[in-house]
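So the sequences go chain by chain: A and B. Following my numbering, the numbering of the first sequence begins with 165 at its first residue and continues without gaps. Following my numbering, the numbering of the second sequence begins with 2 at its first residue and continues without gaps. Quick reminder that beta carbons are idealized off the backbone N, C-alpha and C, glycines included.
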Amino acid sequence: MQRDVVGGIMMRELMTKWGRRNLGFAWLFCEPLVFAFPVIAVWSLVRAPYEHGLPMVAFIWSGYMPILIFRHVTGGALGSIRSTAALLYHRRVTPLDLFIGRQGMEALGNLASVAVSFAVLHTLGALDWPDNYPLMLLGFLYTAWWSLCVAMIVQVLSERYEIVFHVWPPISYLYLFYAGFMFLADWIPSKWRDAVLAIDPPLQCYEMVRSGLFGYRMHAHYDIPYLTFMLAILTVVGLLLMRDVRKHLELE
Amino acid sequence: MIRVSEVCKDYHSETRQKQHRVLSNVSFDVSPGEKLAVLGKNGAGKSTLIRLLSGVELPTEGSIEREMSVSWPVGLTGGVGPSMTGNDNIRFIARIYNKPFKEVHDYVEDFAQLGKFLSEPVRTYSAGMRARLNFALSFAVDFDCYLIDEVIAVGDTRFQQRSHEELFEKRADRSLILSSHVPDVVRSYCSRALVLHRGRAKMFDDLELAITIYQEL
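Now the structure itself:
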């Protein structure tokens, strides 16, 4: 791991993306909120305050923030080697450094906005203090890890196959239904539940977040060792793909 | 010393299923202090060869050994981030090449004469300004071998004089590999030439002969 290269890329990311706008670095936290607040507001107006025994605002907040993390981290990865090709002209800068610098920054920014939006909604009285906040935090961290794994694979594939640019947007929309944005694992018929959980890592991340948030008010289904194992495998796959990418690189 | 042996480079073709071979069995050496020109028509593979020499792209077959520090390909694109300002680029390069920011900054300021443009994004620069920034950055880092892709002719007279001074007076012991279309530039910088044509490469110790052959291709 090349600390100064990754640090330089993160710095560059901060400066070019947020550095010189009016709000400066505050955008790092605010940008995701610009999307989050209207969505939460609209949903909480059209739905009853409690559904399935859970407070609606908290349910939507915990549903939407992981979506934001996923969409921002993976969306920015699409074709991102091409868009930063100029920096790859320096032999020391590897595609992996660029990935860690840029997508890592994106993940950190989104996690920060989770914290900020929580603080704001909690202060307004719209969100109760979580039942088990370390578990909720761990759930968000696993969401970020999962998003980074997918981003790594999407990035490398988009570099090799043009079709990924067309296929990825619909997949990331379908993700809304797949990931657990609007449902709990407990609502899945019990005969299918284990099978779904086994192939749906983000659903398990959701369960951790919500279990941390709601505690005894819901019956959560997740298996941290299994989830860790799956994400570790995805990480290795991503790293192996990434190692090869220089060979397929076609710079300007 | 840089040793290029039996290097081939294929690119993926958008229209045909077959890979397109840009360079085929290219071999040559560059010794310390040598000034080598790379001549060839548009699309002959000059920039590809320069990128392979720098190590930012890898050859499909063959090998390139570097026993000295080699610059990034100094050209109009690449090396400097277009969405970053001049100062951000200075900061980034100082950081990844372990140089003090102030040293690099002062050198670039003096050499490139970009003034207040250093705090503007590079994408707003003219071709000549980009060339000046990229040159200045590569001189500030200091390499044993400079790879220059076509940009010297882009700059104005003052810039050309400064570059010549840097490469021949202050860095006479360094190597230079320069791709260019302009015979006068090649004459004033280089002593040998590699001519690229249809993927093949031939080395000429006689520079004038190389230029004549290139002009008749």
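Span of the beta strand (DSSP E) holding residue i?
i: W73 of chain B; result: V71 to V75
i: H21 of chain B; result: H21 to V31
i: K411 of chain A; result: No beta strand (DSSP E) holds K411 of chain A; the alpha helix (DSSP H) holding it covers V409 to H412.
i: Y147 of chain B; result: C146 to D150
i: S277 of chain A; result: S277 of chain A -> not in any beta strand (DSSP E); alpha helix (DSSP H) instead, spanning P259 to T287.
i: I153 of chain B; result: Taken as a continuous stretch (DSSP letters only), I153 of chain B belongs to no beta strand (DSSP E), as it is neither H nor E.
i: S84 of chain B; result: Note, S84 of chain B: premise wrong, no beta strand (DSSP E); not H, not E.
i: K36 of chain B; result: K36 to L40
i: V196 of chain B; result: R193 to H198
i: K10 of chain B; result: I3 to Y12
Could you give the distance in angstroms between the alpha-carbon of residue i and the alpha-carbon of residue j?
i: P366 of chain A; j: G344 of chain A; result: 7 Å
i: K103 of chain B; j: S181 of chain B; result: 33 Å
i: T49 of chain B; j: Y98 of chain B; result: 24 Å
i: A1 of chain B; j: K36 of chain B; result: Missing from the structure shown is residue 1 of chain B; chain B here goes from 2 to 218 and no further.
i: F282 of chain A; j: L321 of chain A; result: 35 Å
i: V196 of chain B; j: N43 of chain B; result: 12 Å
i: G376 of chain A; j: F234 of chain A; result: 20 Å
i: E164 of chain B; j: L134 of chain B; result: Position check: residue 164 of chain B holds Ser in this sequence, whereas Glu was assumed. Whole-angstrom Cα-Cα distance: 12 Å.
i: D261 of chain A; j: L209 of chain A; result: 44 Å
i: D358 of chain A; j: A95 of chain B; result: 53 Å
i: C194 of chain A; j: K181 of chain A; result: 13 Å
i: P298 of chain A; j: I388 of chain A; result: 14 Å
i: W310 of chain A; j: C369 of chain A; result: 9 Å
i: G79 of chain B; j: Q114 of chain B; result: 20 Å
i: D157 of chain B; j: V187 of chain B; result: 16 Å
i: S32 of chain B; j: S176 of chain B; result: 7 Å
i: I204 of chain A; j: R246 of chain A; result: 35 Å
i: R407 of chain A; j: I397 of chain A; result: 15 Å
i: A132 of chain B; j: F160 of chain B; result: 9 Å
i: T399 of chain A; j: F169 of chain B; result: 49 Å
i: K1 of chain B; j: A45 of chain B; result: Residue coverage of chain B in this structure runs from 2 to 218, which leaves residue 1 of chain B outside it and unanswerable.
Among the options, which has the Cα closest to the Cα of residue i?
i: S55 of chain B; options: B:S64, B:E68, B:S72 and B:G41; result: B:S72
i: V328 of chain A; options: A:R176, A:A241, A:Q166 and A:G227; result: A:A241
i: F201 of chain A; options: A:I173, A:W225 and A:L178; result: A:W225
i: M179 of chain A; options: B:E151, B:R92, B:G80 and B:L59; result: B:R92
i: M382 of chain A; options: A:V206, A:Y214 and A:G172; result: A:Y214
i: Y12 of chain B; options: B:D111, B:E58 and B:S64; result: B:E58
i: H385 of chain A; options: A:R256, A:A362, A:M316 and A:L305; result: A:A362
i: H412 of chain A; options: A:P259, A:F223, A:R211 and A:V206; result: A:P259
i: L138 of chain B; options: B:E121, B:H106, B:L148 and B:I3; result: B:H106
i: V415 of chain A; options: A:F378, A:R255, A:L302 and A:S277; result: Sequence check: residue 415 of chain A is Leu here, not Val. Here the closest residue by C-alpha is A:R255.
i: S64 of chain B; options: B:K100, B:R4 and B:N88; result: B:R4
i: L119 of chain B; options: B:N88, B:S127 and B:L148; result: B:N88
i: F205 of chain B; options: B:H198, B:A194, B:R199 and B:Y215; result: B:A194
Measure how close the beta-carbons of residue i and residue j come, nearest whole angstrom, since I'm counting them as under 8 Å.
i: L251 of chain A; j: G82 of chain B; result: 6 Å
i: F144 of chain B; j: S70 of chain B; result: 5 Å
i: V155 of chain B; j: G116 of chain B; result: Contact doesn't hold; Cβ gap of about 19 Å is too wide.
i: P230 of chain A; j: V360 of chain A; result: In fact, because the Cβ distance is near 17 Å, the residues do not count as touching under 8 Å.
i: T238 of chain A; j: V331 of chain A; result: Wrong, their Cβ atoms sit about 13 Å apart, outside the cutoff.
i: L208 of chain B; j: Y190 of chain B; result: Their Cβ separation, rounded to whole angstroms, is 10 Å, which puts L208 of chain B and Y190 of chain B out of contact at 8 Å.
i: V8 of chain B; j: V27 of chain B; result: 5 Å
i: P219 of chain B; j: Y253 of chain A; result: Residue 219 of chain B is absent from the model: chain B starts at 2 and stops at 218.
Note the first and the last residue of the continuous alpha helix (DSSP H) segment covering residue i.
i: M204 of chain B; result: First-last for M204 of chain B: R201 to F205, but that is the beta strand (DSSP E), not the alpha helix (DSSP H).
i: Y215 of chain B; result: L208 to E217
i: V105 of chain B; result: F102 to A113
i: D168 of chain A; result: R167 to L178
i: R188 of chain B; result: P184 to Y190
i: G63 of chain B; result: Looking at the DSSP string, G63 of chain B is not in any alpha helix (DSSP H); the run it does join, the beta strand (DSSP E), is E62 to R67.
Which complete alpha helix (DSSP H) runs does the segment 314 to 395 of chain A hold, if anything under 4 residues is left out? 328 to 343, 354 to 363 and 365 to 378
Contained alpha helix (DSSP H) runs [length at least 4] in the segment 204 to 259 of chain A, N- to C-terminal order: 220 to 239, 244 to 247 and 249 to 252
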